[in-house]
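J.:
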Amino acid sequence: MDVKEKRLIALLSDFGHQDPFVGVIKGIILGINPLADFVDITHEIPPQDVEAASLALQDAEPFFPPKTIFLVVVDPGVGSSRRPILAVTDRSYFIAPDNGVLTGVMESSEWCQAYHVTAEHYFRPERSATFHGRDVFAPVTGWLSRGTAHTNFGEPIEDPVRLPQRAPKTIGKTILEGEVVRIDRFGNLGTNIKRNDIDRLVVDAGRPAVRVLAAGRAIERISAYYAEIPDGELGAIIDSDDRLEIFVNRGRAADTLGAKKGDTVGVVLPEP
């Protein structure tokens, strides 16, 4: 079968760069489709952290061209009965284990149809119980990128695994309670509180100012940019993904606060 069109493949995994896993996956794909183009979103997802991978994928996907194929391998259930799936949305294609890693993009897409990948003739003939990224997901990605119709890989399913969605809670009319959902390499604390959550709180209460609470510390306002806060001081900002972020200018908020994923973060309207 001739390659019908050049396709972009975006890779996301917890493989890191010490081992040859990522290179092997690319080699398998190139053996099927020599014209494949790759973008590495990240391979530094914390090992087996499906929730972190789902969030990273959700944040990255809107910035890729339509019809991009996303190959996601964060797979603590490799070798078990968990299903390999292919999901198609209004913009993109996704190949991943059925463990909830596609939850974010499924929730944020206008529509999504998932398929249980069962057409084993697209897999490698010998399959390891520890590396389905190489033996299952990579060859399926290669054939999809080469022009094979997504419907050829398996039957539609209506029950893909979804992670619980932890939305921030509104307490009364003056408090918004969320949590830390990621810590980036700068030690910034990303939360599940979005800009529009804060906007709704402010509009409903009719008061424009907010205070941010984290690890027993109060931040008196949300800054417009990092350097607005003196070096070493704690601040809050709306990050590039429209989420509330806690930071220390030229420092690490995670270390300063001793914070971890799941810690509570609050947005409070001060007394009038």
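The numbers in our numbering rise by one with no breaks, and the one at position 128 of the sequence shown is 160.
Ideal Cβ positions, reconstructed from N, Cα and C, are used throughout, including at glycine.
What you are looking at is a predicted structure, and each value in this text was computed from that prediction instead of being measured.
#1: Would G165 be called buried (16 or more neighbouring beta carbons within 10 Å of its own) or exposed?
#2: Going by C-alpha to C-alpha distance, which of E187, A42 and P78 sits closest to P97?
#3: With respect to 7 angstroms, is the separation between the Cβ of R227 and the closest non-hydrogen atom of the ligand HEM below this value?
#4: Between which residues of its own chain and D122 is the CB-CB distance below 7 angstroms, once the five residues before and five after are set aside?
#5: Assuming V110 contacts T162 (C-beta within less than 8 angstroms), just tell me the rounded distance between them.
#6: To the nearest angstrom, report how far apart L233 and L221 are at their CA atoms.
#7: For I230, which three-state DSSP category applies?
#8: Which same chain residues end up closer than 7 angstroms to A247 when comparing Cβ atoms and leaving out the 5 residues on each side of it in sequence?
#9: Given a threshold of 16 other Cβ atoms within 10 Å of its Cβ, counted over all protein chains shown, does V297 qualify as buried or as exposed?
#10: Give the range of the alpha helix (DSSP H) segment to which R178 is assigned.
#11: Where does K201 sit, in a helix, a strand or coil, going by DSSP?
#12: Let's see if you can read the secondary structure: which residues bound the alpha helix (DSSP H) around F53?
#13: In or out: F126 buried (at least 16 other Cβ within 10 Å) or exposed?
#14: K205: buried (16+ other C-beta within 10 angstroms of its C-beta) or exposed?
#15: Does the region 271-282 touch the region 179-196, meaning 3 or more C-beta pairs lie closer than 8 angstroms?
#16: Taking all protein chains shown into account, do 16 or more other C-beta atoms lie within 10 angstroms of the C-beta of P129, making it buried, or fewer, making it exposed?
#17: Quick check on DSSP: helix, strand or coil for T296?
#18: Look at the Cβ atom of V242, then the Cβ atom of I230, and state whether they are nearer than 8 angstroms.
#19: Can you round the beta-carbon distance between L276 and V299 to whole angstroms, since I take them to be within the 8 angstroms contact cut?
#20: Would you kindly check if the distance between the Cβ of K38 and the Cβ of D81 is under 8 angstroms?
#21: Examine the Cβ distances between the region 131-138 and the region 190-202 and report whether three or more of them are shorter than 8 angstroms.
#22: Quick one: Cα of V244 to Cα of P116, how far?
#23: Helix, strand or coil, according to DSSP, for Q145 in the structure here?
#24: Please confirm whether F102 and L87 have their CB atoms less than 8 angstroms apart.
#25: Go through the region 247-283 residue by residue and report every complete run of the alpha helix (DSSP H) that reaches 4 residues or more, in order.
T.: This is what the structure holds:
#1: As a first step, residue 165 must be located in the sequence shown, where it is residue number 133. By the neighbour-count rule (16 or more Cβ atoms within 10 Å), G165 is buried.
#2: Start at 1 with the first residue of the sequence shown, and residue 97 comes out as number 65. It is A42 whose Cα lies nearest to the Cα of P97.
#3: Only the bare structure without any ligand can be found here, which leaves the ligand HEM out of the picture.
#4: By 1-based counting over the sequence shown, the position of residue 122 is 90. So the list reads S141, E142 and W143, once near-sequence residues are dropped.
#5: On the sequence shown, residue 110 is found 78 positions in, with the first residue counted as 1. On the sequence shown, residue 162 is found 130 positions in, with the first residue counted as 1. 6 angstroms between Cβ atoms; contact.
#6: Here residue 233 corresponds to residue number 201 of the sequence shown, with the count starting at 1. Here residue 221 corresponds to residue number 189 of the sequence shown, with the count starting at 1. Each residue's alpha carbon lies about 21 angstroms from the other.
#7: Along the sequence shown, read from residue 1 onward, the residue named residue 230 stands at position 198. The answer is helix: DSSP assigns I230 an H, G or I state.
#8: Translated into the one-based positions of the sequence shown, residue 247 becomes position 215. Excluding sequence neighbours, A247 sits near L289, G290, A291 and D295.
#9: What you label residue 297 is simply residue 265 of the sequence shown in a count that begins at 1. That one is buried.
#10: On the sequence shown, residue 178 is found 146 positions in, with the first residue counted as 1. Start and end: A170 to R178.
#11: As a position in the sequence shown, residue 201 is number 169, starting the count at 1. Reduced to three states, the DSSP call for K201 is strand.
#12: Against the sequence shown, residue 53 aligns to sequence position 21. Where F53 is concerned, the enclosing alpha helix (DSSP H) stretches over F53 to I64.
#13: As a position in the sequence shown, residue 126 is number 94, starting the count at 1. By the neighbour-count rule (16 or more Cβ atoms within 10 Å), F126 is buried.
#14: Translated into positions along the sequence shown, residue 205 becomes position 173. Classification of K205: exposed, given that the 10 Å Cβ count is below 16.
#15: no
#16: Taking the first residue of the sequence shown as 1, we reach residue 129 at position 97. Under this definition P129 is a buried residue.
#17: Sequence index remark: in the sequence shown, residue 296 carries index 264 (1-based). Looking at T296 - three-state DSSP - the assignment turns out to be strand.
#18: The sequence position of residue 242 within the sequence shown is 210, counting from 1. The sequence position of residue 230 within the sequence shown is 198, counting from 1. Contact flag set, yes.
#19: The residue given as residue 276 occupies position 244 in the sequence shown. The residue given as residue 299 occupies position 267 in the sequence shown. Yes, they are in contact, since the Cβ atoms of L276 and V299 sit about 7 angstroms apart, within 8 angstroms.
#20: In the sequence shown, the residue the question calls residue 81 occupies position 49. In the sequence shown, the residue the question calls residue 38 occupies position 6. Contact: no.
#21: yes
#22: Reading the sequence shown from its first residue, position 212 is the one you call residue 244. Reading the sequence shown from its first residue, position 84 is the one you call residue 116. In a straight line, the C-alpha of V244 is about 41 angstroms away from that of P116.
#23: Translated into positions along the sequence shown, residue 145 becomes position 113. Three-state result, Q145: strand.
#24: Stepping through the sequence shown from its first residue, residue 102 is reached at position 70. Stepping through the sequence shown from its first residue, residue 87 is reached at position 55. Not a contact, by the Cβ cut-off of 8 angstroms.
#25: none
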